[in-house]
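Student:
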Amino acid sequence: MLHLTIFLIFGAVCVAGAVNLLVQRHPINSALSLIVVMASLAVEYLLLGAEFVAAVQVIIYAGAIMVLFVFVIMLLNAGEEERTKGSRVAMIFGIPGMLVGSGLVAWVLLERSGTHAVEAGALPGPPKTIAWLLFHEFLLPFEVTSVLVLIAIMGAVVLAGHSDSGGPAKKEG
Amino acid sequence: MVPLSYYLVLSGILFACGVTGFLIKRNIITIFMSIELMLNGVNLSFVAFAAQWGKLSGQIFVFFVMVVAAAEAAVGLAIIIAVYRTRETLNVDQVNLLKL
Amino acid sequence: MLSVGTFVLISIIKIVIALIVLLTAVAYTVWLERKVVGHIQNRWGPTRVGPFGLLQPLADGVKFIFKEDLTSPHVYRPLYIAAPMISLIFALTSIAVIPVGNWVTVGGIHTPLQITDVNMGLLIVLGITSMGVYGVALAGWSSNSKYSLLGGLRASAQMVSYEVSLGLSLIGVLIMAGSFSLRDIVDAQGGAYWHVIPRWNIFQGQIFAFFIYLTAAFAETNRIPFDLPEAETELVAGYHTEYSAMKFAMFFMAEYANMITVACLASLLFLGGWHGPLFGPAWLQAILPLFWFALRIFGFLFVYIWVRGTLPRFRYDQLMAFGWKVLLPLAIANLMITGLIVALKS
Numbered sequence: 265m266l267h268l269t270i271f272l273i274f275g276a277v278c279v280a281g282a283v284n285l286l287v288q289r290h291p292i293n294s295a296l297s298l299i300v301v302m303a304s305l306a307v308e309y310l311l312l313g314a315e316f317v318a319a320v321q322v323i324i325y326a327g328a329i330m331v332l333f334v335f336v337i338m339l340l341n342a343g344e345e346e347r348t349k350g351s352r353v354a355m356i357f358g359i360p361g362m363l364v365g366s367g368l369v370a371w372v373l374l375e376r377s378g379t380h381a382v383e384a385g386a387l388p389g390p391p392k393t394i395a396w397l398l399f400h401e402f403l404l405p406f407e408v409t410s411v412l413v414l415i416a417i418m419g420a421v422v423l424a425g426h427s428d429s430g431g432p433a434k435k436e437g
Numbered sequence: 187m188v189p190l191s192y193y194l195v196l197s198g199i200l201f202a203c204g205v206t207g208f209l210i211k212r213n214i215i216t217i218f219m220s221i222e223l224m225l226n227g228v229n230l231s232f233v234a235f236a237a238q239w240g241k242l243s244g245q246i247f248v249f250f251v252m253v254v255a256a257a258e259a260a261v262g263l264a265i266i267i268a269v270y271r272t273r274e275t276l277n278v279d280q281v282n283l284l285k286l
Numbered sequence: 007m008l009s010v011g012t013f014v015l016i017s018i019i020k021i022v023i024a025l026i027v028l029l030t031a032v033a034y035t036v037w038l039e040r041k042v043v044g045h046i047q048n049r050w051g052p053t054r055v056g057p058f059g060l061l062q063p064l065a066d067g068v069k070f071i072f073k074e075d076l077t078s079p080h081v082y083r084p085l086y087i088a089a090p091m092i093s094l095i096f097a098l099t100s101i102a103v104i105p106v107g108n109w110v111t112v113g114g115i116h117t118p119l120q121i122t123d124v125n126m127g128l129l130i131v132l133g134i135t136s137m138g139v140y141g142v143a144l145a146g147w148s149s150n151s152k153y154s155l156l157g158g159l160r161a162s163a164q165m166v167s168y169e170v171s172l173g174l175s176l177i178g179v180l181i182m183a184g185s186f187s188l189r190d191i192v193d194a195q196g197g198a199y200w201h202v203i204p205r206w207n208i209f210q211g212q213i214f215a216f217f218i219y220l221t222a223a224f225a226e227t228n229r230i231p232f233d234l235p236e237a238e239t240e241l242v243a244g245y246h247t248e249y250s251a252m253k254f255a256m257f258f259m260a261e262y263a264n265m266i267t268v269a270c271l272a273s274l275l276f277l278g279g280w281h282g283p284l285f286g287p288a289w290l291q292a293i294l295p296l297f298w299f300a301l302r303i304f305g306f307l308f309v310y311i312w313v314r315g316t317l318p319r320f321r322y323d324q325l326m327a328f329g330w331k332v333l334l335p336l337a338i339a340n341l342m343i344t345g346l347i348v349a350l351k352s
């Protein structure tokens, strides 16, 4: 019962944050509601027993990636977004489409997927087991993603670096 | 005891919100955040399925998704900064020329 | 097992005690800083309020409460008000998983000297402190002033950059202890070699990690020589330029609470936590671990203040270059060597 209550509270916070992301016009408000979504998702992971995933979710997503977003919003001093014709068309078709789509998915999942229940902390993911899996079964994907991150770092430096600072110059068009 | 389908419904709603944000938002940063929201929705279903099947591989995949999201955020935000430098707008409707 | 009611009651008592102790410690760290920096600069520091100026924090608190709370008209109000609260809340929350001593039995109830004992303790502290950056960044952005914005930008870039080195410097310790639980890490450091050299992590080869941690922690808490976000000679006061009265005090308290958290982590991870010589009657043996732990924290805070009184401020490009080109490679080298040694030993 307690488990269900916690799930519902944080699920509601999650959905409220996601809807707020859509409603807000200023990107920094959207970014903050996304942080709320991520933090409450971390609680949902804890309910499922995935404690390491929850901690990493807070550290990586909320603590690093979103800081980068907030940093860029501050750096570019992004103002409120203006509504254009394209966005009005998207809104007329998009919002009903989303409601119908998510309603359909919810109905199918609730009606047709059986009543399999997940206990609190159903599958504990202790760091030791996760590390063992990561460095044995998933060693190759792990190494490949490390190369991916390296490429991303270099790409970011090339794209955002000033063209006059001696780095790899971006052609001024 | 929470039915597995509740977790999946929550993840579905988050994903749908992400898709909608991607469609209706015109600020390139917010569009990018909608993508992150979709990835988060998928992560939740990964962890939920991991709990159902009793296999930790689902949780491992969440890490890979996070790594890809971090790489994507770094490159994507660098592109946004480069776009803003040349065009001085973040509105995707106004970024419609291949060459300035 | 404890019943739910007892558990809640014990938790509330622990939270209240921890908060009171933490806030008092924050107030007296400010006093200590003013006093020590005063003596370093050959002056007295606060002397008027109470003996040795000991009541000065109280007077400061009263002053902060009664000051006029100015809000300039061009700020973005919701975030402007929320930012100092975010800072303070995250600074105070991280104390929840920090253990201050062994298990005790009071009135038949066996309980750890810690608000909650979780096995992901260290990761939770890291997660909470990484959220603290939002307070600073949002304060800088929502104040809508160029000095605040520059301070906020600097703070967020600096804290994200140094968090990498900070995290990597801790991994050496984690490899040695084989656990994320702060209690296990401290327990692994008990005892001594030949009854002389304690088995603290800095005597087990983690001394480089300790200095990397020390440097990164100074940058994380925005202290001199890395206090670029609030460099008063160039940015007025950085991200809290537009804040006054209690809102300013909240930033101030958050900064000192963060310093204390960092000091707690340093003594738990590198300096053996509460381990120390035990002697005397039973009641003394019960109190001594707490005393040793407090002594380490005091020493760490003293180093903080000493460095503040001694070193000049870095330039911003120097700060970033130092973080990425010196500290990060050193942390990675330390991690690889520690891993190699542990692997060869086992």
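Residue numbers (this note's numbering), protein chains in the order written: chain A, 265 to 437; chain B, 187 to 286; chain C, 7 to 352.
In this text, a Cβ means the ideal position worked out from N, Cα and C, and glycines have one as well.
#1: In chain order, what are the residue ranges of uninterrupted alpha helix (DSSP H) at least 4 long that sit wholly in the region 126 to 153 of chain C?
#2: Mind checking if residue 431 of chain A is an interface residue toward chain B, Cβ cutoff 9 Å exclusive?
#3: Use the C-beta contact count for residue 327 of chain A: other C-beta atoms within 10 angstroms, 16 or more gives buried, fewer gives exposed.
#4: Where does residue 112 of chain C land, buried or exposed, given buried means 16+ other C-beta within 10 angstroms?
#5: Bridge partners for residue 281 of chain C per DSSP, in chain order?
#6: Using alpha carbons as the reference points, say which of C:269, C:103, C:163 and C:142 lies closest to residue 90 of chain C.
#7: Report the rounded CA-to-CA distance for residue 32 of chain C versus residue 62 of chain C, giving the unit in angstroms.
#8: Taking 9 Å as the threshold (beta carbon to beta carbon), is residue 143 of chain C in contact with chain A?
#9: Drop a sphere of 10 angstroms on the beta-carbon of residue 343 of chain C, count the other beta-carbons inside from all chains shown, and report buried for 16 or more, exposed for fewer.
#10: Excluding the 5 residues flanking residue 59 of chain C on each side, which residues of the same chain have their C-beta closer than 6 Å to its C-beta?
#11: With a threshold of 8 Å on Cβ separation, who are the neighbours of residue 189 of chain C within its own chain once the five nearest residues in sequence on each side are excluded?
#12: Would you kindly work out how many angstroms separate the C-alpha atoms of residue 36 of chain C and residue 262 of chain C, rounded to a whole number?
#13: Kindly list, in the order they appear in chain B, the residues whose Cβ is closer than 7 Å to that of residue 383 of chain A.
#14: What does DSSP give as the partner residues of residue 107 of chain C in its beta bridges?
#15: Using C-beta distances below 7 Å, list every residue in its chain close to residue 148 of chain C, excluding the 5 sequence neighbours before and after it, in chain order.
#16: Is the beta carbon of residue 359 of chain A closer than 9 Å to that of residue 206 of chain B?
#17: Give the interface partners of residue 440 of chain A over in chain C, defined as CB-CB distance under 9 Å, in chain order.
#18: Of the residues C:50, C:146, C:30 and C:346, which one's Cα is nearest the Cα of residue 242 of chain C?
#19: Could you tell me the alpha carbon to alpha carbon distance between residue 114 of chain C and residue 270 of chain C, rounded to whole angstroms?
#20: Roughly how many angstroms lie between the CA atoms of residue 249 of chain B and residue 77 of chain C, to the nearest whole one?
#21: Determine contact between the region 213 to 232 of chain B and the region 329 to 344 of chain A, defined as no fewer than three beta-carbon pairs at a distance below 8 Å.
#22: Enumerate in chain order the residues of its own chain whose CB-to-CB distance from residue 221 of chain C is below 7 Å, with the five nearest sequence positions on each side excluded.
#23: In the DSSP assignment, the alpha helix (DSSP H) including residue 273 of chain B goes from what residue to what residue?
#24: Decide if residue 324 of chain C is buried, meaning its Cβ has at least 16 other Cβ atoms within 10 Å, or exposed.
#25: Let me know the secondary structure DSSP gives residue 349 of chain C once reduced to three states.
#26: Just how far apart, CA to CA, sit residue 277 of chain C and residue 302 of chain C?
#27: Based on the DSSP secondary-structure assignment, which residues constitute the bridge partners of residue 204 of chain C?
#28: With H, G and I counted as helix, E and B as strand and the rest as coil, what does DSSP make of residue 226 of chain B?
#29: Whole angstroms are fine: how far does the CA of residue 334 of chain A sit from the CA of residue 154 of chain C?
#30: Could you have a look at residue 301 of chain A and say whether DSSP puts it in helix, strand or coil?
#31: Taking all protein chains shown into account, do 16 or more other C-beta atoms lie within 10 angstroms of the C-beta of residue 199 of chain C, making it buried, or fewer, making it exposed?
#32: Residue 291 of chain C: buried (16+ other C-beta within 10 angstroms of its C-beta) or exposed?
#33: Does any residue of chain B have a CB that is nearer than 9 Å to the CB of residue 339 of chain A?
#34: Round the Cβ separation of residue 133 of chain C and residue 93 of chain C to the nearest angstrom and send it over; I've been treating them as touching at under 8 Å.
#35: Using a Cβ-Cβ cut-off of 7 Å (strictly less than) and excluding sequence neighbours within five positions of residue 437 of chain A, which residues of its own chain qualify?
#36: I'd like the list of long-range same chain contacts for residue 34 of chain C, defined as Cβ closer than 8 Å, with 5 residues on each side in sequence excluded.
Tutor: Once the coordinates are examined:
#1: 127 to 137 and 139 to 148
#2: For residue 431 of chain A, the predicted structure reports a pLDDT of 45, less than 50, and the residue's modelled location is therefore unreliable. A value from the coordinates is still provided. Not one chain B Cβ lies under 9 Å of residue 431 of chain A.
#3: buried
#4: exposed
#5: Note: residue 281 of chain C sits in no beta bridge, so no partner.
#6: C:142
#7: 13 Å
#8: yes
#9: exposed
#10: 52 and 53
#11: 105, 118, 120, 123 and 127
#12: 8 Å
#13: 187
#14: C:119
#15: 81, 82, 85, 86 and 89
#16: yes
#17: Because chain A in this structure spans residues 265 to 437, residue 440 of chain A falls outside the shown range and cannot be described.
#18: C:146
#19: 29 Å
#20: 43 Å
#21: yes
#22: 333
#23: 243 to 273
#24: exposed
#25: helix
#26: 8 Å
#27: C:198
#28: helix
#29: 15 Å
#30: helix
#31: exposed
#32: exposed
#33: yes
#34: No, residue 133 of chain C and residue 93 of chain C are not in contact; Cβ-Cβ is about 16 Å, not under 8 Å.
#35: Any reading at residue 437 of chain A must be qualified, since the residue scores a pLDDT of 37, below 50, and its modelled position is unreliable; the value itself is stated next. If we look at residue 437 of chain A and ignore the five residues flanking it on each side, it has no Cβ neighbours.
#36: 63
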